[in-house]
Amino acid sequence: MAKEKIKVEEKRALNKENFGKLYGIFKYLIPYKTKFVIGLVFLVLGSFLLLAFPFIAGKLIDVASGEGSWFLNDINSIALSLVVILFLQGVISFFRVYLFAQVSENAMADVRFDLYKKLLFLPITFYDRHRTGDLMSRMSSDVTLLQTTFSTTLAEVIRQIVTLVAGIIIIFVITPALSTFMIMTLPLIIIAAMIFGKKIRGLSRQSQDELANSSTIVEETLQSILAVKSFTNELFEKARYHKSLKRVVALALKTAAFRAGFISFIIFALFGGMVAILWYGALLLQRGEMTLGDLTSFAFYTAFIGGSIAGIGDLFGQVQRAIGASERILEIHDESSETEGTESQDLERFKGDLSFNEVEFQYPSRKDMPVLSGLTMHIEPGEKVAIVGKSGAGKSTIVHLLMRLYNEFNGHIKVDGQDIQSYDLSAFRKNIGIVPQEVILFGGSIRENIAYGKPNATQEEIDAAAQKAHALEFINSFPEGMDTIVGERGVKLSGGQRQRIAIARTILKDPAILILDEATSSLDAESEQQVQLALNELMKGRTTLIIAHRLATIKEVDRIYVIENGKIKESGAHKELIDNVKGTYHHLVNLQLVN
Ligand code: ADP
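Numbering (numbering that gives the first Met the number 0), first residue to last: 0 to 594.
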């Protein structure tokens, strides 16, 4: 992944289309345009002020060597004006940097916020196609890259271009002969730099890739350290990492060799060029065709120009990377959201009649593999129904479709007699509650985690929900009670405790239709009993669809649907089904897929 990314990034041509992409991000600067424009003016002003410096410094030398001009002819006042220029330049730089920081910080916070909003409303199909790590890196490193681009890189590009163009014009005006001579020595250095530069860039990209590869090894093994250990593959991983590191070093050294060659060439060429220019300058000076001050100014300007040329290459590299970053961010913006995220006003409560009629479905990412092929079932309001089937039979898929996570299927799924697509998505989902197999709590207090089911719940409502979910007892056993922090950095709760918090949360949400995804791994007996009591409380008065793994649950339900090959194979109560010794259900129970 990292490998691909670096390659694609570096190839961005600086053409109109790509600048267009940067423009997509530029839009975020519009609210702060006044500050941005003032910053730009300061930037150009500062660049010109700095360019006056060598000119006046040259005059200082001229006055010292008795060649004063009509307007600058006193050493002290010239030196003073230099100090004034430096001071002004300092003040201007301060405001420029500060203004650009204000613009870029605010604009990038807007980019992040927009991106986050967008991500929240994107459909599950988007998340099937993207890895969280990749999305996180867009949120963090890509936006940070853009921030640097807008706060410093763009400013630098403009400053360097102004310095380069104005600097060249100035030296041609004050020292035409010497400048022409200098320009003629340049092509050699430029061509050499280009050739070396290309080779070095290629090599350093390769070593970056290799370094990324070796970090991936570390990342993977650390993430699955348990797997590494259980397969006793430490030695294998050690060898794999060692080999990769060796490749990193070999490539880095090859790059270093070219860089070293380049540096020594540049030193030679640069100083050689300087000797040539000095030689020619000395001749001009001796012939009286140029003053010492002009030579001094020339030297300063040349240093400025050289600095700009050296800097611009790097800066363009940064702009290219910024284009890559904008592209990746805008890509997300172009995805279509599943809802607009508006609060739906008319929240009608469903009666809870649920039907699947000849539903055919395959996941968009695996179009050739039908998961449901003509599934039909009907659940009356308030009924409790269990779905059983082998792993991979499509039980969770039924839930995904009911939640409207995937919208492209054949057949009909209806709630209260209407196709589910005809309801407003938010209102629809508010009517459905899920207690998942593996409950993940958010970092925060238990109270906040329960209130997630109804953000405006009162203290009493939260307590009542916890009570009904048989969670109050263990919550109160913590010294901080409801304020106990859970989640990654907080108290670690047992599976059963987390389940009960999820149940309390769903009781607060009070959905008409309930989906229970039973935990496959069994809880300890006491926990199981508590969870069951909590679930019984939760199921009261709701249509409940249970992805069942426990016989205890299944015996209690109104009807069992056995799913096989994407269809309902058998249905009925436990007793009826178990008596059919040739049936799938009987087989599943024997296999202890339900036990
Ligand atoms: P169950 O819940 O009964 O174990 P699932 O509904 O999870 O089964 O899966 C049914 C089939 O669909 C499986 O073959 C599974 O590999 C496939 N599947 C599940 N989720 C996805 C997905 N997001 N993309 C592609 N295939 C999937």
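C-beta: ideal position from N, C-alpha, C; glycine also.
> Where do the N-terminal and C-terminal ends of the beta strand (DSSP E) with aspartate 516 fall, by residue?
Replying inline: Position 517 of the sequence shown, counting from 1, holds the residue named residue 516. Element bounds for aspartate 516: 512-516.
Q.
Taking a contact to mean a Cβ-Cβ separation below 9 Å, would you say alanine 511 touches asparagine 430 in this structure?
A. By 1-based counting over the sequence shown, the position of residue 511 is 512. By 1-based counting over the sequence shown, the position of residue 430 is 431. With contacts defined by Cβ atoms closer than 9 Å, alanine 511 and asparagine 430 form a contacting pair.
Q.
Let me make sure I understand the geometry here. Which of Met481, Gly312, His469, Phe235 has the alpha-carbon closest to that of alanine 450?
A. The residue given as residue 450 occupies position 451 in the sequence shown. Alanine 450 has its Cα closest to that of Met481, out of Met481, Gly312, His469, Phe235.
- Please classify tyrosine 584: is it buried, with 16 or more other beta-carbons within 10 angstroms of its beta-carbon, or exposed? Along the sequence shown, one-based indexing puts residue 584 at 585. Tyrosine 584 should be labelled buried.
Worksheet entry | valine 247 classed as buried or exposed, judged by whether at least 16 other C-beta atoms fall within 10 angstroms | Reading the sequence shown from its first residue, position 248 is the one you call residue 247. Buried, since its Cβ has 16 or more Cβ neighbours within 10 Å.
Fill in: Distance between beta carbons of lysine 117 and isoleucine 322, contact taken as under 8 Å
The sequence position of residue 322 within the sequence shown is 323, counting from 1. The sequence position of residue 117 within the sequence shown is 118, counting from 1. Contact annotation, isoleucine 322 with lysine 117: C-beta distance approximately 20 Å; criterion of less than 8 Å not satisfied.
Quiz item: What is the residue span of the beta strand (DSSP E) that valine 247 lies within?
Solution: Your numbering for residue 247 matches position 248 in the sequence shown. Segment 233-285 is the alpha helix (DSSP H) holding valine 247; no beta strand (DSSP E) there.
Distance cutoff 9 Å, beta carbons only. Does glutamate 104 sit that close to anything in chain B? The chain inventory of the structure shown lacks chain B, comprising one protein chain alone.
Once DSSP output is grouped into helix, strand and coil, what is the label at phenylalanine 408? As a position in the sequence shown, residue 408 is number 409, starting the count at 1. If DSSP states are grouped into helix, strand and coil, phenylalanine 408 belongs with coil.
Across the region 382-394 and the region 526-546, are there enough close Cβ pairs to call them in contact, namely three or more that are closer than 8 Å? With the cut-off at 8 Å, the region 382-394 and the region 526-546 touch.
Checklist entry - Cα separation between glutamate 379 and glutamate 517? => result For this step, residue 379 is matched to residue 380 along the sequence shown. For this step, residue 517 is matched to residue 518 along the sequence shown. About 21 Å.
ask   = Does DSSP put alanine 1 in a helix, a strand or coil?
value = Position 2 of the sequence shown, counted from the first residue, corresponds to residue 1. No answer about alanine 1 holds up, because its pLDDT of 41 lies below 50 and its placement is not dependable.
Q | Where the alpha helix (DSSP H) containing tyrosine 300 begins and where it ends | A | Residue 300 sits at position 301 when you count from the first residue of the sequence shown. That run of the alpha helix (DSSP H) goes 291-333.
Which of the three DSSP states is assigned to serine 372 in this structure?
One-based indexing of the sequence shown puts residue 372 at position 373. In the displayed model, serine 372 falls within a strand according to three-state DSSP.
(Q) the ligand ADP and alanine 392: does any heavy atom of the ligand fall closer than 8 Å to the residue's C-beta? (A) Along the sequence shown, read from residue 1 onward, the residue named residue 392 stands at position 393. Under cutoff, so the answer is yes.
* Asked: So valine 485 and leucine 440 are in contact, right, with Cβ under 8 Å, and what is the actual spacing, rounded?
  -> Position 486 of the sequence shown, counted from the first residue, corresponds to residue 485. Position 441 of the sequence shown, counted from the first residue, corresponds to residue 440. Contact between valine 485 and leucine 440 holds: CB atoms are separated by about 5 Å, below the 8 Å threshold.
| query | How about glycine 373 and glycine 582: do their beta carbons lie closer than 9 Å? | reply | Position 374 of the sequence shown, counted from the start, is the residue given in the question as residue 373. Position 583 of the sequence shown, counted from the start, is the residue given in the question as residue 582. Between glycine 373 and glycine 582, the gap from beta carbon to beta carbon reaches 9 Å or more.
Just to confirm, does lysine 566 get its C-beta within under 8 Å of one of the non-hydrogen atoms of the ligand ADP? The residue you call residue 566 lines up with position 567 of the sequence shown. Incorrect: lysine 566 has no Cβ contact closer than 8 Å to the ligand ADP.
Practice prompt. Would you mind sorting asparagine 589 into buried or exposed? The rule is 16 or more other CB atoms within 10 Å of its CB.
Written response: On the sequence shown, position 590 is the one that residue 589 refers to. Under a 10 Å Cβ-count criterion, asparagine 589 is classified as exposed, with fewer than 16 other Cβ atoms of the shown protein chains found around its own Cβ.
Alpha helix (DSSP H) containing isoleucine 503: first to last residue?
Working through the sequence shown from its first residue, we reach residue 503 at position 504. For clarity, residue 503 is alanine in the given sequence; the question names isoleucine instead. Where alanine 503 is concerned, the enclosing alpha helix (DSSP H) stretches over 494-508.
Length of the line joining the Cα atoms of valine 83 and valine 161 = Taking the first residue of the sequence shown as position 1, residue 83 is located at position 84. Taking the first residue of the sequence shown as position 1, residue 161 is located at position 162. One C-alpha to the other measures close to 21 Å.
Checklist entry - Using a Cβ-Cβ cut-off of 7 Å (strictly less than) and excluding sequence neighbours within five positions of glutamate 233, which residues of its own chain qualify? => result Mapped onto the sequence shown, residue 233 falls at position 234. Apart from the 5 residues on each side of it in sequence, glutamate 233 sits with its Cβ closer than 7 Å to the Cβ of Val227 in its chain, given in chain order.
Margin query: Is valine 370 near the ligand ADP - that is, is its Cβ less than 8 Å away from at least one heavy atom of it?
Written below: Position 371 of the sequence shown, counting from 1, holds the residue named residue 370. Yes, the ligand ADP has a heavy atom inside 8 Å of this Cβ.
### Task
Kindly list the residues whose CB is nearer than 7 Å to the CB of phenylalanine 18, restricted to its own chain and excluding five residues on each side of it in sequence; keep chain order.
Position 19 of the sequence shown, counting from 1, holds the residue named residue 18. Short of 7 Å from the beta carbon of phenylalanine 18, and not among the five residues preceding or following it, lies no beta carbon of its own chain.
_Please list the terminal residues of the continuous beta strand (DSSP E) segment that includes threonine 542._
Within the sequence shown, the letter at position 543 stands for residue 542. Threonine 542: member of the beta strand (DSSP E) spanning 542-546, first to last residue.
*When you compare each of Ala255, Ser364, Leu424 to glutamate 337 by their alpha carbons, which one comes out closest?*
Mapped onto the sequence shown, residue 337 falls at position 338. Residue Leu424 is the option with its Cα nearest to glutamate 337.
In three-state DSSP terms, what is asparagine 475? Within the sequence shown, the letter at position 476 stands for residue 475. DSSP, read as helix, strand or coil, puts asparagine 475 in helix.
### Spatial neighbours of aspartate 61 in its chain, beta-carbon cut-off 6 Å, leaving aside the 5 residues before and after
Within the sequence shown, residue 61 is the residue found at index 62, counting from 1. Hits under 6 Å: Thr290, Gly292.
Counting pairs of Cβ atoms below 8 Å between the region 444-462 and the region 399-407, do you hit three or more? Here the region 444-462 makes no contact with the region 399-407; the two share fewer than three CB pairs at distances below 8 Å.
*asked:* For leucine 673 and glutamate 479, I'd like the C-alpha separation in whole angstroms.
replied: Because the chain is modelled from 0 through 594, residue 673 falls outside the range shown and cannot be assessed.
Practice item. With hydrogens ignored, establish whether the beta-carbon of histidine 585 is closer than 8 Å to any heavy atom of the ligand COA. Key: The model depicted lacks the ligand COA and carries the ligand ADP instead.
message: Restricting to Cα atoms, I'd like to know which of Gln528, Ile311, Ile514, Asp208 is closest to lysine 539.
response: Numbered from its first residue, the sequence shown carries residue 539 at position 540. The shortest C-alpha separation from lysine 539 is found at Ile514.
>> When you compare the region 170-178 with the region 292-301, are there three or more beta-carbon pairs, one atom per stretch, that lie closer than 8 Å?
In response: They touch, by the three-pair rule.
Report task. In the DSSP assignment, find the unbroken alpha helix (DSSP H) run with arginine 111 in it and report its ends. Result -> In the sequence shown, residue 111 corresponds to position 112, counting from 1. Note, arginine 111: alpha helix (DSSP H), 74-120.
Do you know how far the Cα of tyrosine 422 is from the Cα of isoleucine 352? By 1-based counting over the sequence shown, the position of residue 352 is 353. By 1-based counting over the sequence shown, the position of residue 422 is 423. Looking at the sequence shown, residue 352 is not isoleucine but aspartate. Aspartate 352 and tyrosine 422: Cα-Cα distance of roughly 14 Å.
ask   = Which word fits phenylalanine 230, buried or exposed, when buried means at least 16 other C-beta atoms lie within 10 angstroms of its C-beta?
value = Numbered from its first residue, the sequence shown carries residue 230 at position 231. By the beta-carbon neighbour count (other beta carbons within 10 angstroms, threshold 16), phenylalanine 230 is exposed.
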